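Written below as structure tokens is the structure these notes are about.
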Amino acid sequence: MQNQLVYCKASIRTFSTHEGWWYEACPQCYKQLTVKKNSDLRICQEHGMQIPLPCYRLHVTIEDPNSEATVKLRGKPAEQLFGITCKELLNKCPYAPQETLPPEILQTRADPCFSNPNH
Numbered sequence: 001m002q003n004q005l006v007y008c009k010a011s012i013r014t015f016s017t018h019e020g021w022w023y024e025a026c027p028q029c030y031k032q033l034t035v036k037k038n039s040d041l042r043i044c045q046e047h048g049m050q051i052p053l054p055c056y057r058l059h060v061t062i063e064d065p066n067s068e069a070t071v072k073l074r075g076k077p078a079e080q081l082f083g084i085t086c087k088e089l090l091n092k093c094p095y096a097p098q099e100t101l102p103p104e105i106l107q108t109r110a111d112p113c114f115s116n117p118n119h
């Protein structure tokens with residue numbers, strides 16, 4: 001069921017930070033940038049040297065009364081859920097380690113989410 005849009009009403013049970021909770025993205029295509037050897041420059045395979053744009057990337061376990069699923073939450077949907085862009089959040093907490101989730105993210109565990117806005 002890859003690349004299909006699915007709507008469900010569920011709550012966040014857990015977050016996993018095994019890949020961190022954000023990454024440095026190309027501001028044009030949102031793909032992860034790589035660090036050029038022997039420098040601090042960030043490179044996009046498609047767009048060359050770029051100024052990184054922080055973007056959310058979280059593995060989230062969601063549950064409803066019947067089941068649970070693990071989803072990868074990224075980009076705009078994550079911004080809508082957390083109510084703040086990744087860049088804004090990092091500006092508020094500039095030394096936030098990748099393994100520690102800020103309160104703005106953790107507080108969403110109690111709220112039902114991932115529901116179809118048309119229902």
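Following full-length UniProt numbering, the numbering of the sequence shown begins with 1 at its first residue and continues without gaps. The C-beta atom is built at its ideal place from N, Cα and C for all residues, glycine as well. Values in this document were obtained by computation on a predicted structure and should not be read as measured data.
Taking 7 Å as the cut-off, decide whether the C-beta atoms of TRP22 and CYS86 are in contact.
-> Note that the C-beta distance between TRP22 and CYS86 is below 7 Å.
Nearest to LEU5 by alpha carbon, out of LEU73, CYS26 and ARG42?
-> LEU73
Straight-line gap, HIS59 to ASN38 (C-alpha atoms, nearest Å) = 31 Å
Contiguous alpha helix (DSSP H) assignments of at least 4 residues, all confined to the UniProt domain "Replication factor A C-terminal" (8-91) | 75-82, all fully within the UniProt domain "Replication factor A C-terminal" (8-91).
Which residue from ILE84, SER67, ALA69 and PRO103 puts its Cα closest to that of GLY75?
-> If we check each option's Cα against that of GLY75, ILE84 comes out closest.
Would you decide whether CYS55 is buried or exposed? Buried here means 16 or more other CB atoms lie within 10 Å of its CB.
-> buried
Out of LYS36, GLN45 and GLU104, state which residue places its alpha-carbon closest to the alpha-carbon of CYS26.
-> GLN45
DSSP state of GLN107 mapped onto helix, strand, coil | helix
Contact under 7 Å by Cβ, ILE105 with ILE62 | no
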